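Under my numbering, the first residue of the sequence shown carries the number 126, and numbering increases by one thereafter.
We treat Cβ as the ideally placed atom computed from N, Cα and C, and that holds for glycine.
These numbers were taken from a predicted model, which means no experiment stands behind them.
Structure first, commentary second.
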Amino acid sequence: MCGIVAYVGPKDAAPILLEGLQRLEYRGYDSAGVAVVEKSAKSLKMRKVKGRVADLAAAVPARFKGTLGIGHTRWATHGVPSDQNAHPHLCADERIAIVHNGIIENADALRQRLEGDGVVFRSETDSEVLSHLIARTSKETDTLEEAVRRALKLVVGTYGIAVIDAERPGEVVVARNGSPIVLGIGEKEMFAASDVAALVRYTRQVVHLEDGELAVLRADGFSTFTSDARETAKEPFTVDWDTGHYDTGGYEHYLLKEISEQPDTVGRTLRGRIDDRFHIAHLGGINMDARESRSFRRVKIIGCGSAYYSGQIGAQLIEELARIPADAEPASEFRYRSPVVEPDTLYVAISQSGETYDTLAAVQELKRKGGRVLGIVNTVGSAIARECDGGVYLHAGPEVSVASTKAFTSTAAAFALLALHLGRVRDLSPADGRRICDGLRRLPEQIKEILTQEEHIRALALKYAHCPGMMFVGRVRGYPVAREGAQKLKEISYVHAEAYPASELKHGPLALINPDMPTVAIVPDDELLDKNLTTLGEIRARSGRILMVGHRTTDQADDCIVVPKNEIELDPILLTIPLQLFAYHAAVALGRDVDKPRNLAKSVTVE
Ligand code: G6P
């Protein structure tokens, strides 16, 4: 989704901004732009285009000099993708330029008022009101910082913004409310971005702005302020992700790289957290002692997209291992239905990016109502991580491809640790604790084993990719796996895919079964095996083709993918991996833009 980059220092800003924007491409966008200010001439230059960052780079002339600048990738919300609607946006005399992430909710009213005063708008965006408002408030005050502060007071909505003014060519002002802004500290230069991905090539020293904060960046440093102009003290934080994490590392796509990394990333999620003496999990970040961990009577898990499906696996793990009623719900639904927040419920928010607006808003709502919220988050220091009372970091490294893979499996592994913890402070026996600890430790090797079947899975993907649609079914532990499998297939290959609990098939979707609608059946060797095999029989009796993913082969299916067996509670993590490879190869076979599927964004930072 929208991305921001800003620079001030001794160097030529444009190449730095373009490089930063390239690093943000993975988030999904439809247009891009940059503006720079040349100090001596006090003049502002801007280029913006509908299309890719490469198109923007081609449109930037050789003489586009300036040591201060801002850049943006836009994901259309108000107004179609076009050159005019791309950011930056200028004020009337083209002195001030802004880039904005988020949504200005009272944009229509502000626009009407400004138009009434004679302002001519050049775009259909909500963001453009900001450049005109700042141009006005800058007439009332001497500093850009105060002008931005006053303008933001008039605005209702969410924003991450960066502002430059040709008359003040030594500084960039940034501010955040609901949309992330990170400052990057360099040697006699400063950066800002909406995502550390844009900064790691230049610096690992970063500072996260809080909601309501504003910062002034100059080549020799920065100052941060609250919305009422009180200066705040910020501790820089060292990011341990580097540019290597953002390269494809010789793979054709980020998605394949991230699928292949899973033995390592799941290993990193587990590292140092399994205690062999007492067969418990060490989760220092949850900030709860044993007594508190025992006090919860329910667990409610929230997240969006794949994070939500991994939460369903988490709920199952918690119910099985800790015997606490647990369920998962899309964060977007949860926040809008005015949820009853109970004091003895533990809330768990899941997010790879730590930025998803619906999840963040749900966490904030929970906090307002006094709920206890843990985060299972990949991005250290992200908004959701900071908002929670404690949590578990995945340590899976940055996930670049829009479709989530390694964050999904790491989240499921983190849930196994949390379930082990909650179980062992209750009634889970040491023997069962040991069984789970041993099972967790086997996961990385078993994932490697599954990855060696890539050719077989690719051949199956080629066989099924051209079907008009596919059904995914699973029972209990297999159901979230089926949902995630269908999600992967539809989001990257655009093949219609529907997931159903296997037992529900005969209550409706069985009507869809025919030779053109094959079924992917998740059939682990557990106590439900016979029931699942019966379902396969029902599908075959309607001439349905079946691809079974499980722990054995069977004549009931046309094709089988056999994965190594772990403990029944942990099997869902392994059963997910072949479905990722299946979706990947189907998408490649259909010629899709695998890493940046149409209409989707990596981090959905708007409602
Ligand atoms: C977007 C992505 C999904 C992701 C979801 C939640 O919709 O396309 O792949 O699962 O957001 O993202 P999060 O960063 O909160 O895990």
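Buried or exposed by the 16-neighbour rule on C-beta atoms within 10 Å, applied to residue i
i, result
"residue 510", "buried"
"residue 138", "buried"
"residue 237", "exposed"
"residue 677", "exposed"
"residue 302", "buried"
"residue 460", "buried"
"residue 733", "As shown, the chain starts at 126 and ends at 732. That puts residue 733 outside it, with no answer to give."
"residue 696", "buried"
"residue 117", "The structure shown does not extend to residue 117, since the chain spans only 126 to 732, so no value can be given for it."
"residue 285", "buried"
"residue 656", "exposed"
The alpha helix (DSSP H) enclosing residue i, as first and last residue numbers
i, result
"residue 559", "555–576"
"residue 73", "Coverage of the chain is limited to positions 126 through 732, which leaves residue 73 absent and any answer about it impossible."
"residue 655", "654–666"
"residue 520", "Segment: none, residue 520 is in no alpha helix (DSSP H) and carries neither H nor E."
"residue 625", "First-last for residue 625: 621–626, but that is the beta strand (DSSP E), not the alpha helix (DSSP H)."
"residue 188", "Residue 188 -> no alpha helix (DSSP H), and no H or E assigned at all."
"residue 254", "253–265"
"residue 734", "Coverage of the chain is limited to positions 126 through 732, which leaves residue 734 absent and any answer about it impossible."
CA-to-CA distance, residue j to residue i, given in whole angstroms
i, j, result
"residue 449", "residue 421", "8 Å"
"residue 349", "residue 189", "30 Å"
"residue 578", "residue 385", "12 Å"
"residue 604", "residue 635", "17 Å"
"residue 550", "residue 602", "23 Å"
"residue 684", "residue 585", "8 Å"
"residue 382", "residue 376", "6 Å"
"residue 471", "residue 666", "45 Å"
"residue 487", "residue 680", "47 Å"
"residue 633", "residue 613", "23 Å"
"residue 327", "residue 146", "13 Å"
"residue 229", "residue 279", "10 Å"
"residue 208", "residue 180", "11 Å"
"residue 500", "residue 514", "8 Å"
"residue 352", "residue 272", "12 Å"
"residue 312", "residue 502", "31 Å"
"residue 721", "residue 414", "42 Å"
"residue 458", "residue 475", "14 Å"
"residue 533", "residue 173", "35 Å"
"residue 397", "residue 713", "37 Å"
"residue 318", "residue 332", "11 Å"
"residue 446", "residue 726", "35 Å"
"residue 298", "residue 477", "28 Å"
"residue 241", "residue 194", "31 Å"
Boundaries (first-last residue) of the beta strand (DSSP E) holding residue i
i, result
"residue 316", "315–318"
"residue 156", "156–163"
"residue 579", "Here residue 579 belongs to no beta strand (DSSP E); instead the alpha helix (DSSP H) covers 579–589."
"residue 500", "497–502"
Whole-angstrom C-beta distance between residue j and residue i, which should lie under 8 Å
i, j, result
"residue 133", "residue 324", "The Cβ separation is near 14 Å, so there is no contact."
"residue 169", "residue 300", "That belief does not hold up - the Cβ atoms of residue 169 and residue 300 are roughly 20 Å apart, past 8 Å."
"residue 517", "residue 542", "7 Å"
"residue 390", "residue 522", "6 Å"
"residue 259", "residue 232", "Residue 259 to residue 232, Cβ: 14 Å. No contact."
"residue 213", "residue 131", "Actually they are not in contact, since the Cβ atoms of residue 213 and residue 131 sit about 11 Å apart, beyond 8 Å."
Backbone secondary structure at residue i - three-state DSSP
i, result
"residue 675", "strand"
"residue 248", "coil"
"residue 727", "coil"
"residue 195", "strand"
"residue 99", "The chain is shown only over 126 to 732; residue 99 falls outside these bounds and no answer can be derived."
"residue 214", "strand"
"residue 327", "coil"
"residue 457", "helix"
"residue 527", "coil"
"residue 644", "strand"
"residue 376", "coil"
"residue 704", "helix"
"residue 552", "coil"
"residue 452", "strand"
"residue 715", "coil"
"residue 232", "helix"
"residue 106", "Since the first residue of the chain shown is 126 and the last is 732, residue 106 is not available in this structure."
"residue 471", "strand"
"residue 435", "helix"
"residue 488", "helix"
"residue 359", "coil"
"residue 419", "helix"
"residue 277", "helix"
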